[in-house]
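Residue numbers (my numbering): 19 to 100.
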């Protein structure tokens with residue numbers, strides 16, 4: 019595994035862990051602007067890219083209004099490498 023790929027996977031795991039922690043502490047999913055603040059993302063496009071990745075791997079989904087719904091983070095689970 020290349021270093022860049024390992025770094026990307028580590029960053030993704032950290033983001034999943036942070037969103038899961040937010041969900042379990044507050045009892046709701048973070049808004050897109052809160053996700054931007056959490057990960058120091060200044061553009062909405064960057065937030066949408068992150069949300070799209072998380073949606074693609076089944077961590078979260080969106081309802082008809084575009085709000086985030088927890089999928090695999092509903093219960094605390096350990097995130098393991100492939």
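From the three backbone atoms N, C-alpha and C, an ideal C-beta is built for every residue, glycine too.
Closest by CA to residue i, which one among the options?
{"i": "residue 85", "options": "32, 23, 47, 25", "result": "47"}
{"i": "residue 30", "options": "82, 49, 76", "result": "76"}
{"i": "residue 56", "options": "70, 40, 78", "result": "40"}
{"i": "residue 34", "options": "83, 82, 81, 70", "result": "70"}
Under three-state DSSP, which class holds residue i?
{"i": "residue 83", "result": "coil"}
{"i": "residue 78", "result": "strand"}
Using a threshold of 8 angstroms, state whether the C-beta atoms of residue i and residue j are closer than that.
{"i": "residue 50", "j": "residue 62", "result": "yes"}
{"i": "residue 53", "j": "residue 91", "result": "no"}
{"i": "residue 72", "j": "residue 65", "result": "no"}
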